[in-house]
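First up is the structure itself, then whatever we jot down about it.
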Amino acid sequence: MRKKAPPAQAYAQISRKLMLRAPAEKPAAARHHAQAYALQDISASRWRAIEHQARFLQLELWNSRNSLWKSDAPNDPIDVLQPGVALKQKGYKIQTVDSLPEETHQGQRIKTAGLLDQDNRVVQISRAFSRQEQFFTSAHELGHVVLGHDGVRIHRDRPMDQVGWYKDQREHEADWFAACFLMPAKQVRSWFGNLFLTEHFILTEQTAFALCTKPIDVVMSRFRTRRDLSIALARANMYGTRPMPSLVELFNVTPQAMAIRLEELDLVADPRPT
Ligand SMILES: [Zn+2]
Numbered sequence: 035m036r037k038k039a040p041p042a043q044a045y046a047q048i049s050r051k052l053m054l055r056a057p058a059e060k061p062a063a064a065r066h067h068a069q070a071y072a073l074q075d076i077s078a079s080r081w082r083a084i085e086h087q088a089r090f091l092q093l094e095l096w097n098s099r100n101s102l103w104k105s106d107a108p109n110d111p112i113d114v115l116q117p118g119v120a121l122k123q124k125g126y127k128i129q130t131v132d133s134l135p136e137e138t139h140q141g142q143r144i145k146t147a148g149l150l151d152q153d154n155r156v157v158q159i160s161r162a163f164s165r166q167e168q169f170f171t172s173a174h175e176l177g178h179v180v181l182g183h184d185g186v187r188i189h190r191d192r193p194m195d196q197v198g199w200y201k202d203q204r205e206h207e208a209d210w211f212a213a214c215f216l217m218p219a220k221q222v223r224s225w226f227g228n229l230f231l232t233e234h235f236i237l238t239e240q241t242a243f244a245l246c247t248k249p250i251d252v253v254m255s256r257f258r259t260r261r262d263l264s265i266a267l268a269r270a271n272m273y274g275t276r277p278m279p280s281l282v283e284l285f286n287v288t289p290q291a292m293a294i295r296l297e298e299l300d301l302v303a304d305p306r307p308t
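So the sequence shown is numbered by the working numbering: it starts at 35 and just counts up by one.
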């Protein structure tokens, strides 16, 4: 069994991108998150090319781990998925700051979570966001760098779950890169199979009890959508009687980001198929 996610300080030197967030998040925000790295704006070939670029960078980090981490070189491929290390390798300076200036968009004040300064090769990330959000933001900025999105000298991003904010294609591409970089298909599939003993989770009396220790009718009343179930699987640190690290802990991402990835990889069946 792989150890739990590295402690917070392990990511203290991770890069932080510029991002923005609504002051008070609504409960529905998680559902809107589903659109955060929606792929419909990207052609299939472009989508695959971005995934390959993320994969190539992962291999590069893995093969260079002894020089990049020296005596702390990771033993597990998941542990090289550190966007801050990759950004530094590409010549970017990473700064973590207490906060970044807010912006106003359509009358709404929005916090800045990260900033990418292409001229000076500096990435700043605000500590106002959770560790997992900062991590995803860092990977998003790494995506801009790797994909050559250098049309804007100083780039700011809003959070993935910013309701009512429509990202342009480059933002979708950077989000997709971040998802592929932080949650490689092969490793997510492998860990999902280890944890839930299946390649395609179907809610049954048995699996519902293993996941929630409740009868299936109670569980069904909790999971109104496939996303609800996917989030529960992403967060689960117990299945049956077996304690385990959750996928969220293993990959250091938000439950919403992991849930989207599980669905993209078709690892979760809709509990209420139409
Ligand atoms: Zn961006």
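Cβ atoms here follow ideal geometry from the backbone N, Cα and C, with glycine treated the same way. All values reported here derive from a predicted model rather than from experimental measurement.
{"Asked": "Hey, which unbroken runs of the alpha helix (DSSP H) at 4 residues or more fall wholly within the stretch 130-214?", "Found": "165-180"}
{"Asked": "Would you identify the three-state DSSP class for residue 302, choosing helix, strand or coil?", "Found": "strand"}
{"Asked": "Please classify residue 124 as buried or exposed, where buried requires at least 16 other C-beta atoms within 10 Å of its C-beta.", "Found": "exposed"}
{"Asked": "From the DSSP output, read off the bridge partner residues of residue 128.", "Found": "157"}
{"Asked": "At what residues does the alpha helix (DSSP H) containing residue 319 begin and finish?", "Found": "Residue 319 cannot be examined here, being either before or after the span of the chain that is shown, 35 to 308."}
{"Asked": "I need the DSSP call for residue 279, collapsed to helix, strand or coil.", "Found": "coil"}
{"Asked": "Using the C-alpha atoms, what's the distance from residue 240 back to residue 214?", "Found": "32 angstroms"}
{"Asked": "Taking 9 angstroms as the threshold (C-beta atoms), are residue 286 and residue 165 in contact?", "Found": "yes"}
{"Asked": "Have a look at residue 150 and residue 108 and give me their C-alpha separation to the nearest angstrom.", "Found": "27 angstroms"}
{"Asked": "What is the rounded straight-line gap between the Cα of residue 156 and the Cα of residue 295?", "Found": "29 angstroms"}
{"Asked": "Could you pull out every residue in the same chain whose Cβ sits closer than 7 angstroms to the Cβ of residue 273, ignoring the five residues on either side in sequence?", "Found": "229, 230, 244 and 245"}
{"Asked": "On a CA-only basis, which of 171, 176 and 129 is nearest residue 291? Give me that one, please.", "Found": "171"}
{"Asked": "Using 8 angstroms as the Cβ pair cut-off and three pairs as the minimum, do the stretch 93-108 and the stretch 126-137 touch?", "Found": "no"}
{"Asked": "Within this structure, are the beta carbons of residue 120 and residue 93 separated by less than 9 angstroms?", "Found": "no"}
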